[in-house]
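For reference, the structure is listed below as structure tokens.
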Amino acid sequence: YAMLRNSEMLIIGVIYLRIEQNVMLLPGQSMHGIKEVQSHPMAILQCHDFFEKYPQIKLIESEDTAASAKNISEKKIMNTAAIASELAAEMYGLEIIARSIETNKKNFTRFLVLTHKNNINNSGIADKASICFNVTHEKGALARVLNVLADFGINMSKIQSLPLIGKEWEYFIHIDFEFDNLSVYKEAIQTIIPLTNDFKILGEYKKGEKNL
Numbered sequence: 452y453a454m455l456r457n458s459e460m461l462i463i464g465v466i467y468l469r470i471e472q473n474v475m476l477l478p479g480q481s482m483h484g485i486k487e488v489q490s491h492p493m494a495i496l497q498c499h500d501f502f503e504k505y506p507q508i509k510l511i512e513s514e515d516t517a518a519s520a521k522n523i524s525e526k527k528i529m530n531t532a533a534i535a536s537e538l539a540a541e542m543y544g545l546e547i548i549a550r551s552i553e554t555n556k557k558n559f560t561r562f563l564v565l566t567h568k569n570n571i572n573n574s575g576i577a578d579k580a581s582i583c584f585n586v587t588h589e590k591g592a593l594a595r596v597l598n599v600l601a602d603f604g605i606n607m608s609k610i611q612s613l614p615l616i617g618k619e620w621e622y623f624i625h626i627d628f629e630f631d632n633l634s635v636y637k638e639a640i641q642t643i644i645p646l647t648n649d650f651k652i653l654g655e656y657k658k659g660e661k662n663l
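Taken in order, the sequence shown gives residues 452 to 663; the numbers are from the numbering used here.
Structure below.
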């Protein structure tokens, strides 16, 4: 968020991809021959229920899911598997022996589509926006902003606070919200700007669909 806030980039879209984790290893091996599995800590956590059935397998944390697959492929490591995507298996010539092992089958990761602000054109029809701002450290400061959005019928889909470096008890607030009427949205923005500091629109774009 801080990088985006301080950059010259704007959000022009969002994509939600379902995260599907697979067990892969060098061809010709079986699940029962695996001694350890390598992957990113989050991927291991997502597949914890699956590996409860294989207590003999040691789970090793690594920096990346695809990097784990690449490491096994390039070093020809036997009896070791990776948790990664189907694309990683294809790229590094590994065989998938267990598919879609993640516990939560509705786990999605959001990817933002960015462009430089000089490339922006207003030909698209937006129904979602991302903004950020900070407010003074006083009672009700943030509530006043949120109440304005509610009064205008703005549907807030995400809110997150980040500490403001060098200012105790002050935070940058990042909000994503959806709207049906562009003019109502613009009026709401003009109303909250005087209530905030360092207000910035990070992007106005169409809501993303979840790709199964």
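Ideal placement from N, C-alpha and C gives every residue a C-beta, glycine not left out.
A straight-line Cα-Cα distance of about 13 Å links I485 and E546.
Residue pairing for R469: DSSP places it in a beta bridge opposite F559. If you draw a 10 Å sphere on the C-beta of T516, you find 16 or more other C-beta atoms in it, and that means buried. In this structure, the alpha-carbon of Q611 lies about 13 Å from that of V586. A direct Cα-to-Cα measurement between M529 and T554 gives close to 26 Å.
CA-CA distance, K526 to R595, rounds to 58 Å. Non-local beta-carbon contacts of A539 in its own chain, meaning distances under 6 Å to residues more than five positions away in sequence, involve A517, A520 in chain order. Nearest to G654 by C-alpha distance, out of L597, N598, T566, I466, is T566. Contact check for A532 against V488 passes: the beta carbons are separated by less than 8 Å. Taken in chain order, the whole beta strand (DSSP E) runs of length 3 or more contained in the region 467-533 are 473-476, 487-490, 509-512. Boundaries of the beta strand (DSSP E) harbouring K579: 579-585, taken from the DSSP string. Within the region 575-642, the runs of alpha helix (DSSP H) at least 4 residues long that lie entirely inside it are, in chain order, 592-602. Counting along the chain, L653 sits inside the beta strand (DSSP E) bounded by residues 648-656. In the DSSP assignment, E546 falls within the beta strand (DSSP E) that extends over 546-549. Between the C-alpha atoms of V474 and F501 there is a straight-line separation of about 10 Å.
Taking 8 Å as the cut-off, the beta carbon of C498 is found closer than this to the beta carbon of I534. One thing to note: I582 has its Cβ within 8 Å of the Cβ of K651.
Note that the C-beta distance between K556 and Y656 is not below 8 Å. DSSP, reduced to helix, strand and coil, places I644 within a helical segment of the structure shown. According to the DSSP assignment, E537 belongs to the alpha helix (DSSP H) that extends over 537-543.
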